[in-house]
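Have a look at the structure below, then the notes.
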Amino acid sequence: MAIDEVKIGGLGASRRRVEDNRFIRGKGNYVDDVVLPGMLHMEILRSPLAHARIKSIDTSAAYAIPGVRMVMTGEMMAARNLAWMPTLSYDTQAVLATDKVRFQGQEVCAVIADDPYIARDGVEAIVVDYEPLAPIVNPEQALAPDAPLIRDDKVNQTNNVVFDWEVGDREGTDRVFAEADMVSELELHYPRSHPSPIEACGSIADYDRATSKLTVYMTSQAPHIVRAAVSMVAEIPEHMIRIISPDLGGGFGNKVPVYPGYVISILASILLERPVKWIEDKTGNLISTGFGRDVYLKGKLALRKDGKILGVRMDTVSDHGAFFADAQPSKFKIGLIHSAFACYDIPTAYLTNRGVYTNKSPGGVAYRCSFRVTEAMFFQERMVQAAADDLGMDQAEFRRINLVKDDDFPKRTPFGFLTDSGQYEKCLQVGLDAIGYDDFQNQKAEAAKRGRLLGLGISTMTEPLGAGNSREYDILGIKMFDSAELRVHMTGKAILRTGAKSQGQGHETTWAQIVAHELGIPAEDIVVEEGDTDTAPFGMGTYASRSTPVAGAAVSMVSRKIRAKARKIAAHLLEVSDEDIEWELGRFYVRGAPDRGVSIQECAMAAYSNVPDGMEPGLENNAYYDPPNLTWPFACYIATVEIDPLTGVWDVIRVVAVDDCGVRINPMIVEGQIMGGLTEAYAMANMQFITFDEDGNCVGSNYMDYLLPTAWETPGFELHEVVTPCPHHPIGAKGIGECATVGGPAAFVNAVMDALKDIGVRNIDMPLLPDRVYEAIQTGSDVSGHPPVKNR
Amino acid sequence: MYPSRFRYEAPTSIEEAIALLSSLEDAKVLAGGQSLIPMMKLRFANPANLVDINNIPDLGYHRADSDGSFRIGALCRHADLEKSKILGEHQPLLAAAAPLVADPIVRTRGTFVGSVCHADPQGDWASCMVALGGSIVAQGPSGKRTIPVKDFVSGPFTTVLAHNEIAVEAVIPPAQGTRTGGYLKLERRVGDFATAAAAVSLDMSDGVVKDAGIGLTGVGAQTINASEAAEALIGSRLEDDVVERAAELAAAATSPRGDHRGSADYKRHIISTFVSRIIANVQRAEMQVA
């Protein structure tokens, strides 16, 4: 008589996404869809130069345009102590420039007008007199002895170094390297990219003088963090601020930080006492908001002749742009980059990182990276392939020798994390079997007859997802837990609210499935709501693949609290004691008399109509979940490619993905996440990057220059799964949102390098554009892709 | 999109459109709009007046005339050519290029003639027109004139059209023998501007090249007419050394700039590779027919 869990949309049901019903009908509610009475429109004037002193700003012509209500300048912000704001990494960032502009696209003025056309006319009418300064577009320039000081606004800043950071055992690692049979070295650059959600950023600030309440509709993945930040920056009490993050058209980490546009719109609304809408255009989004990557590596592996990795040394330099505005846990300067090599059994490791300022946009931790785990795993898997090649060893065998074994968990990683579970060798084997590893050399020889080069690339990795635990993870001191609140109505329908914020992940669908699993209430009977700080419980938001590991766990826990109360009600209704009540999905019954039972819905009705004496009526609760550890999914991605040596063009032949993300709540959504991630991984390897020319102009400020793959280029993906339930998550789930973006790029790059290894090429920097591949084939040597882009 | 203020006119006849262009200051013709609209969105172009010709009837044609010439009307969309039942038979080069123009969305709206008038050195159709020795028919207050494409484009993004003239038609001359050819384009992604592309047209008779034309995309300040390379092919039977020489001459005719798509040398190399490949593909097809 038990309910079929898949039928009610519980765990394992590939339930259609409920949110899609409104999206495909054009009935979504994005920030730009919100129209408030009396609303004004704001447009930002951005710097055309990467580095320049502002000599003067003349706004008179803009004020002369009918319909222009106000032109905001840095001076006006400064008068209210708002010209600068704190970043999420304890630096400061200019809201509107007062002294200098420090990157192309920096916010200089804002025009508030009756409509968005007039606001743009106003922006065009502003005259700014700049004195150009030498722009710095890479760390080498930034660290040159005579480099101009970018952050001359900071009192004790004498050079362009943001920080120096290290982790691991330096001496122990040095010792291992001194004794190694062989050392494999690799230098490379993970280029800058941009998350580029389809919806750019925007806000509508609505300050009500009568109630002193500030309501802000905003594109935020973490509305509660924003409420706290706005409260601190604007000195408005937290209970007088309501942040509403409505439907979001993608985020990918781009919508975690607090941007100048939000702050300016808030001040404008306070000054004008009218709602002020700011909707960023695509170029503004691409050139000024949170980017991803831009890290340089010098890596070394200490190797024993038999293929055992003895130690890792990674020296990295990260380019943060003009302001250190990375959104990441406070304790870590360069995110979780030291999660590198977590899937390998390696005794010792040491990593250094130097962060530098350049004349580029700020905000380095974005783009589906789980706090720079993308860089970690790319570096790792490129180093692993180079080491296998240096040893003359089969790349699959080399991985097999070094992967952590199934019964070694929990396992301390080389840099000190604790991985929780996995079946790494099995995943690798599933991948190798699927791609037909043993037959590949035959295909390669066959292709050579046609003048084509074939390569096969592997990427295996585990990554830390689900920050955090509160001991180690906080943002601005706020611990990284998350929350859920569940109200079951008297008819057994329910509303669930969490502190997370979906941007396309499908929370409205999957959270309901977790409740269905825990309570037996059909998923369709549960509505999920997120993003309004006046109604949702406090949470840290959605990024770094943390929603299922943290908020998802809270959904489980709150459901169990509800079940515990319902059990008492059931005992009351069935007139037996609590201890005599058994649970099966959706129903309590009397032990030994399974026919005598009450459904969860009957319990819900009783909670409002017939509670036992002394019991509080109602059926609602909340849960705050502080995870004991991160979750550690594993993935094996394998790609095969064919290169046309006369053009350098490479085509993907096949992609096999084996993901172990523990228990899958909604397999269809998980597969969608993996396919989306693999698409981005392919993009990263093949075409997608933001670069700069010598003058600091951003090359990639629009979709003609910043290439996102379309359905035409994107290869097909073959998905496989292995399931190792997470031992510490209530339903055994692990994060999955970022796995393929993190682990995927190395599979494609390794495949191209595999094809070229016989001609002596060890590295081409991403993206592997045809001209770079052709140059490598012609010269038989590595090709670097550092900015500035050269006019060769 | 938030362009600058502009006035919009939608005439229903060519004569009316020409009269509007004559009387309005700073007017631009709007056909497919796939270049003009994005430029207006970015406010790189701020025309005071738009004259939309989309409501003018009978300009969407493409057809082969009895004299062997091929005509494409001002409102013929890229997608019309891509899906055409007659294009491949008469104009194999255009048929090869049609699916490579921009992306499917742009092809639905954008027009062949508009693309040639835009005179972007990275435009695909202009290279095809150069290779085929085509012309543009311009109509103004005093009637029509026919301008060979090599004279039509006067520089990057500029043509010899007068402010009150409309390009109403593209004309491609008849073949001398059997027309064949092809178009190859290197792009980083569908919809990207060409890193480099080559259009080769060959009129063949009994295995001998009677006429040839080569137009090159994205490798100079304007579309390149590689006439020396084409002449090297005329009279030949496409012997290996002749093809090799033509490919070298084509590469030598370019003046590319190195940029983030590739170095100047790389682009030259792509041109010679593509010219050779197009001709090899033509020969392979001929062999299959024979």
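So the protein lines, in turn, are chains A and B. Quick note: the first sequence uses the numbering used here, first residue 1, plus one each step. Quick note: the second sequence uses the numbering used here, first residue 793, plus one each step. Each residue gets a CB set at the ideal place from its N, CA and C atoms; glycine is no exception. Predicted model only: the values in this text are computed from it and were never measured.
Quiz item: Taking 8 Å as the CB-CB cut-off, is A/T710 touching chain B?
Solution: yes
Quiz item: When you compare only the Cα positions, how much space is there between A/R450 and A/Y130?
Solution: Their Cα atoms are separated by approximately 57 Å.
Quiz item: Name the chain A residues whose beta carbon is nearer than 7 Å to that of B/S1047?
Solution: Neighbours of B/S1047 on chain A: none; closest Cβ ~14 Å, over 7 Å.
Quiz prompt | Interface positions of the stretch 1047-1063 of chain B facing chain A (Cβ-Cβ less than 9 Å), listed along the chain | solution = R1049, G1050, D1051, H1052, R1053, G1054, S1055, A1056, D1057, Y1058, K1059, H1061 and I1062
Quiz item: Is the Cβ of B/L873 closer than 8 Å to any Cβ of chain A?
Solution: no
Quiz prompt | Alpha-carbon spacing of A/S483 relative to A/R16, whole angstroms | solution = Answer to the nearest angstrom: the Cα atoms are 25 Å apart.
Quiz prompt | Alpha-carbon spacing of A/V663 relative to A/G732, whole angstroms | solution = 5 Å
Self-check item: Three-way DSSP call (helix, strand, coil) for B/F1066 in this model
Solution: helix
Self-check item: Within chain B, the residues that A/L769 reaches when beta carbons sit closer than 7 Å
Solution: R980
Quiz item: CB A/M377 to CB A/E463, shorter than 8 Å?
Solution: One thing to note: A/M377 has its Cβ within 8 Å of the Cβ of A/E463.
Quiz item: Can you name the residues of chain B whose CB is closer than 7 Å to the CB of A/L707?
Solution: At a beta-carbon threshold of 7 Å, the residues of chain B lying near A/L707 are R980, R981 and D984, ordered along the chain.
Quiz item: So B/A819 is in the beta strand (DSSP E); what residue range does that whole segment cover?
Solution: A819 to L822
Exercise. Determine the contact status of A/Y437 and A/A388, defining contact as a CB-CB distance below 8 Å.
Key: no
Practice problem: Write down every uninterrupted run of the alpha helix (DSSP H) in the stretch 422-456 of chain A whose length is 4 residues or greater and which is fully enclosed by it, in chain order. | Solution: 424-435 and 440-449
Quiz item: Between A/V656 and A/E280, what straight-line distance do the alpha-carbon atoms span, to the nearest angstrom?
Solution: 38 Å
Quiz prompt | Inter-stretch contact (C-beta, 8 Å, three-pair minimum) for the stretch 412-422 of chain A and the stretch 336-345 of chain A | solution = yes
Exercise. Could you tell me which of B/T1046, B/G825, B/E1078 and B/S919 sits nearest to B/H1061, measuring between CA atoms?
Key: B/T1046
Self-check item: Check whether A/A228 and A/E238 have beta carbons under 8 Å apart
Solution: yes
Exercise. Could you tell me which residues DSSP puts in a beta bridge with B/S1009?
Key: It should be noted that the sequence gives Thr, not Ser, for residue 1009 of chain B. Answer by DSSP bridge pairing, in chain order: B/A989.
Quiz item: How would you list, in chain order, the residues of chain B whose beta-carbon sits under 7 Å from the beta-carbon of A/L646?
Solution: T1065
Quiz item: Is the Cβ of B/Y975 closer than 8 Å to any Cβ of chain A?
Solution: no
Quiz item: Distance, Cα to Cα, A/K834 vs A/N254?
Solution: Residue 834 of chain A is absent from the structure shown; chain A starts at 1 and stops at 792.
Quiz item: Can you list, in chain order, the residues of its chain whose CB lies under 7 Å from that of B/G902, leaving out five sequence neighbours each side?
Solution: G824, Q826, R869, H870 and A894
Quiz prompt | C-alpha gap between A/A747 and A/K298, whole angstroms | solution = 20 Å
Quiz item: Can you give the Cα-Cα distance for A/S231 and B/N841, rounded to whole angstroms?
Solution: 48 Å
Quiz item: Which of helix, strand or coil does DSSP assign to B/C868?
Solution: Note: B/C868 maps to coil in three-state DSSP.
Exercise. In the DSSP assignment, find the unbroken beta strand (DSSP E) run with A/S370 in it and report its ends.
Key: Unbroken run through A/S370: none, as it is neither H nor E.
Self-check item: Positions along the stretch 268-286 of chain A whose CB lies within less than 7 Å of some CB in chain C
Solution: Looking at the structure shown, chain C is missing, and the protein chains on hand are A and B.
Practice problem: Quick one: grab the DSSP three-state call for A/I759. | Solution: helix
Exercise. With B/K833 as the anchor, note down where its alpha helix (DSSP H) starts and where it stops.
Key: L828 to K833
Exercise. Flag this pair as yes or no: are the beta carbons of A/Y637 and A/G743 separated by less than 8 Å?
Key: yes
Quiz prompt | DSSP state of A/F634 mapped onto helix, strand, coil | solution = It is a strand residue.
Practice problem: Would you identify the three-state DSSP class for A/S60, choosing helix, strand or coil? | Solution: helix
Quiz item: Buried or exposed: where does B/M793 fall if 16 or more other Cβ atoms within 10 Å of its Cβ makes it buried?
Solution: exposed
Quiz item: A/A607: which of A/A113, A/T640, A/L574 and A/I569 sits nearest, CA to CA?
Solution: Nearest C-alpha to A/A607: A/I569.
Self-check item: Sequence-distant residues of the same chain with beta carbon closer than 7 Å to A/D693, five excluded per side
Solution: V699, P788 and V789
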